[in-house]
Amino acid sequence: MNLPTERVIVTEVGMRDGLQSISRIMSTDDKKRWIDAAFEAGVRHMEVASFVPAKLLPQMADAEAVIAHALTHDGLVVTALVPNVKGAQRAIGSGVHRIVAPISVSAAHSLANVRKTPAEMISAFAEICSLAKGRAETIAGLSTVFGCTLQGNVPYDDIRDIARQALEAGADVIALGDTTGQATPRQVGEIIDLVRGIAGDRLRSVHFHDTRGLGLANTLIALQHGIREMDSSLAGLGGCPHAPGATGNVNTEDLVFMLQSMGYETGINIEKLIASRSVLEQALPGEPLYGYLARAGVPSQFHASKAAR
Numbered sequence: 001m002n003l004p005t006e007r008v009i010v011t012e013v014g015m016r017d018g019l020q021s022i023s024r025i026m027s028t029d030d031k032k033r034w035i036d037a038a039f040e041a042g043v044r045h046m047e048v049a050s051f052v053p054a055k056l057l058p059q060m061a062d063a064e065a066v067i068a069h070a071l072t073h074d075g076l077v078v079t080a081l082v083p084n085v086k087g088a089q090r091a092i093g094s095g096v097h098r099i100v101a102p103i104s105v106s107a108a109h110s111l112a113n114v115r116k117t118p119a120e121m122i123s124a125f126a127e128i129c130s131l132a133k134g135r136a137e138t139i140a141g142l143s144t145v146f147g148c149t150l151q152g153n154v155p156y157d158d159i160r161d162i163a164r165q166a167l168e169a170g171a172d173v174i175a176l177g178d179t180t181g182q183a184t185p186r187q188v189g190e191i192i193d194l195v196r197g198i199a200g201d202r203l204r205s206v207h208f209h210d211t212r213g214l215g216l217a218n219t220l221i222a223l224q225h226g227i228r229e230m231d232s233s234l235a236g237l238g239g240c241p242h243a244p245g246a247t248g249n250v251n252t253e254d255l256v257f258m259l260q261s262m263g264y265e266t267g268i269n270i271e272k273l274i275a276s277r278s279v280l281e282q283a284l285p286g287e288p289l290y291g292y293l294a295r296a297g298v299p300s301q302f303h304a305s306k307a308a309r
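Everything in the sequence shown is counted per UniProt numbering, starting at 1 for the first residue and increasing by one.
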């Protein structure tokens with residue numbers, strides 16, 4: 001079967017989402033090495049930091065320094081997460097290209113994560129969009145879209161309402177997040193269709209966790225429903241401090257392998273990507289690293305089959 005060559009953007013979020021749940025602090029120099037290695041492998045979109053108070057998340061105390069280094073790489077799209085207006089001011093001042101504001105559809109998760117109700121976050125997001133206008137692209141990262149370990153079921157009507165409010169607040173992009181790792185393939189298709197009916201082509205990105213082994217299956221459904229931007233984390237690092245039980249993000253190496261084996265272009269060199277895991281092995285000794293491809297290796301026929309297409 002001849003598959004069309006189409007580009008998919010893979011955003012490496014390990015430097016932010018991957019590290020936020022790890023107690024061991026990665027040094028600024030090691031974070032820079034990770035960015036360098038990812039860039040060398042062909043990764044051109046990275047979410048490298050979050051602007052939260054250092055006392056709450058010491059792992060992100062060096063956000064400005066990490067971003068300054070990332071911006072030295074020509075062609076790298078640099079993203080930061082901002083939970084509030086003050087964080088957005090810092091992020092915009094640092095020169096990032098994109099800012100993500102986490103907006104939980106679940107009120108329980110929103111209060112635990114950012115100490116604001118969803119309505120309060122929408123209000124703050126409107127101010128963030130105003131501040132960022134002409135300076136950075138704004139992404140409404142809709143969290144707990146597929147379920148919440150604190151609240152339970154998240155009604156589709158609530159998802160629709162928050163998506164609409166985020167767009168009215170000025171979101172350039174809507175991203176759907178499986179914060180707690182509860183998404184199922186059927187849900188993914190239904191919710192993408194639901195939100196696309198409101199957001200149109202401003203619905204661009206998805207963020208899945210692999211808590212129950214469905215990360216790649218959910219990604220595949222998102223692809224089939226027209227999504228072309230995917231978040232992932234090297235070695236499957238990650239989790240949310242306020243999402244009990246949520247384990248790592250979709251593994252970047254496995255995701256890139258799946259995409260390329262299907263004929264999608266990512267611009268990423270799979271061997272160099274696997275080799276970049278050495279940065280984590282050295283900087284985070286003893287930290288579990290995941291990934292099927294890294295364990296089994298790239299099949300010998302992989303590149304030949306790509307060339308034949």
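Every residue, glycine too, gets a C-beta built ideally from N, C-alpha and C. In this text, all values refer to a predicted model and were calculated from it rather than measured experimentally.
- For Ala235, there is no enclosing beta strand (DSSP E), as DSSP marks it with neither H nor E.
- Between Val100 and Thr79, the C-beta gap is smaller than 8 Å, which places the two residues in contact.
- DSSP places Leu131 in the uninterrupted alpha helix (DSSP H) bounded by Pro118 to Ala132.
- Of the residues Asp29, Pro185 and Pro102, the one whose Cα lies closest to the Cα of Gly215 is Pro185.
- Burial check for Ser94: the Cβ neighbour count within 10 Å reaches 16 or more, so the residue is buried.
- Separation of the CB atoms of Leu71 and Met46 is rounded to 11 Å, and the pair is thereby denied contact status at 8 Å.
- Residue pairing of Val145 in beta bridges, as defined by DSSP: absent, with no partner found.
- Annotation: the continuous alpha helix (DSSP H) that includes Glu281 extends over Arg277 to Ala283.
- A check of alpha carbon separations from Arg212 across Thr180, Gln187 and Asp193 identifies Thr180 as the nearest.
- Beta-bridge analysis with DSSP links His45 to Thr11 and Val77.
- Excluding its 5 nearest sequence neighbours in each direction, Asp62 has C-beta neighbours in its own chain below 6 Å: Thr28, listed in chain order.
- The straight-line gap separating the alpha-carbon atoms of Gly238 and Val43 is approximately 18 Å.
- Linking Asp36 to Gly267 through their CA atoms gives a straight-line distance of about 16 Å.
- The residue among His303, Leu194 and Gln182 with its C-alpha nearest the C-alpha of Gly248 is Gln182.
- Each residue's CA atom was taken as its position, placing Glu281 and Glu287 some 8 Å apart.
- By the criterion of at least three beta-carbon pairs nearer than 8 Å, the region 192-200 is not in contact with the region 229-236.
- If you draw a straight line from the Cα of Leu259 to the Cα of Val66, it is about 29 Å long.
- At a Cβ-Cβ threshold of 8 Å, Ser143 and Val96 do not count as neighbours.
- DSSP places Ile191 outside any beta strand (DSSP E); the residue lies instead in the alpha helix (DSSP H), whose first and last residues are Pro185 to Ala199.
- For Arg135, DSSP records no beta bridge to any residue.
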